[in-house]
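Each residue of the sequence shown is one higher than the one before, starting from 58 at the first, in the numbering used here. Even for Gly, the Cβ is constructed at its ideal location relative to N, Cα and C. On a predicted model such as this, the values are computed, not experimentally measured, just so you know.
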Amino acid sequence: MAPKGKEVGFVSRPLPAWLRFYLYGMHGLLDEIVFTALFDFIFTPEGNSSLKGYSTIFSFFIYGSCSFFVERVYVFLHLRHGIRWYFRLPLYLLILYTWEFIFGLVLRQFDACSWDYSHYPLNVMGLVTLVYAPAWTLLCVYQDILSHFLLSLRVTTEVHKEDLLHKLD
Numbered sequence: 058m059a060p061k062g063k064e065v066g067f068v069s070r071p072l073p074a075w076l077r078f079y080l081y082g083m084h085g086l087l088d089e090i091v092f093t094a095l096f097d098f099i100f101t102p103e104g105n106s107s108l109k110g111y112s113t114i115f116s117f118f119i120y121g122s123c124s125f126f127v128e129r130v131y132v133f134l135h136l137r138h139g140i141r142w143y144f145r146l147p148l149y150l151l152i153l154y155t156w157e158f159i160f161g162l163v164l165r166q167f168d169a170c171s172w173d174y175s176h177y178p179l180n181v182m183g184l185v186t187l188v189y190a191p192a193w194t195l196l197c198v199y200q201d202i203l204s205h206f207l208l209s210l211r212v213t214t215e216v217h218k219e220d221l222l223h224k225l226d
């Protein structure tokens, strides 16, 4: 509530970058846990009736940074230049696979890489596999939706007009 006699206004700003990074990271971590649970349930011979999924804390940073970078690509290609999603999608996939490969390579040097795709066909050094390409493609399409949503959110704060005028000086 504003003190009597003071005019109140509102300032609306986009979500800060650190918050979008956090949301992308948490979303990616959840996606990975759900994906691994469902993938094992459907495709492993013994199944996964308990639907236990797994991930690592590193995934938060991998997904957060990759999604944040792809968001910047989305802003540049779509919002600034109007490039359609079906042209952006192959670039997103290339970024994603490159990101996973590089992070995996670095983590492997410290014996901290939690994934090994060497038992899958179409893998590169066990760090990436094209077997997951359909799932990655769907997530890349969803990335556009999520980026658009997070970029449209605003944080509105109350300010006293007198204080706002002093800040503008």
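Chain-order list of residues whose beta-carbon lies under 7 Å from that of residue i (same chain, five-residue window excluded)
i	result
K118	Note on residue identity: the sequence assigns Phe, not Lys, to residue 118. Cβ neighbours of F118 beyond the five flanking positions: G82.
V188	Y177, P178 and L179
F144	none
D226	At D226, the pLDDT of 49 sits below 50, so the modelled position is not reliable; the number obtained from the coordinates is stated separately. For D226, where only same-chain residues beyond five positions count, there are no Cβ hits under 7 Å.
Contact under 7 Å by Cβ, residue i with residue j
i	j	result
V132	F158	no
G110	V91	yes
W77	L196	A small fix is needed here, since residue 77 is Arg in this sequence, not Trp. The answer is no: Cβ separation not under 7 Å.
L72	L210	yes
L80	A94	no
Segment limits, alpha helix (DSSP H) that includes residue i
i	result
S124	I114 to Y131
Sequence-distant residues of the same chain with beta carbon closer than 6 Å to residue i, five excluded per side
i	result
E89	S112 and S116
E128	S204
Y174	N180, G183 and T186
Y68	Going by the sequence as given, residue 68 is Val instead of Tyr. Counting only Cβ-Cβ distances below 6 Å, and skipping sequence neighbours, we find T214 and V216.
F125	F78 and Y81
Integer Cβ distance of residue i from residue j, believed to fall under 8 Å
i	j	result
Y198	W142	Checking the sequence, you will find Val at residue 198 rather than Tyr. At roughly 7 Å, the Cβ-Cβ gap stays under 8 Å, so V198 and W142 are in contact.
V130	I152	7 Å
L146	I140	Not confirmed; about 10 Å, so no contact.
Limits of the beta strand (DSSP E) - the one that residue i falls within
i	result
V212	R211 to H217
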